[in-house]
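In terms of the numbering used here, the sequence shown has 800 at position 17, counting the first letter as 1, and numbering is strictly consecutive. Cβ atoms here follow ideal geometry from the backbone N, Cα and C, with glycine treated the same way. Predicted model only: the values in this text are computed from it and were never measured. For reference, the structure is listed below as structure tokens.
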Amino acid sequence: MNYYNNFLNKINLKKKKKYCFFKKNNIKFIDYKNPNFLKKFLNEFGKILSKKITGVSLKYQRKLKKSIKRCRFLALLPYVTNNLK
């Protein structure tokens, strides 16, 4: 049990704090007409990645979600796929 707790503590210490990609690069507007950029925030099946995984702030996660949905509606991105990346 003690070994397991030490292992978990080492893992927690090595985690880097995630910063919002959009705040870091001073991006105010997320362009929905750029599907190659939006693919970074999708998994291989086309689902939107959570903010825990991407490190994006809540404000920009909402904007990102809206942009991806608009891009899907215009058929620039698929709704579901087996091999997006």
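- Secondary-structure assignment with DSSP links I831 through a beta bridge to L825.
- Under the three-state reduction of DSSP output, Y843 falls in the helix class.
- Residues of the same chain with a CB within less than 8 Å of the CB of G838, apart from the 5 flanking positions on each side, are K801, Y802, C803 and F804 in chain order.
- Secondary structure at T837: helix, using DSSP grouped into helix, strand and coil.
- Excluding its 5 nearest sequence neighbours in each direction, P818 has C-beta neighbours in its own chain below 7 Å: C854, L859 and L860, listed in chain order.
- If you compare the alpha carbons of F828, Q844, E827 and G829 with that of K835, the shortest gap goes to Q844.
- For Y815, the CB contacts under 7 Å within the same chain, skipping 5 residues up- and downstream, are S850, R853 and C854 in chain order.
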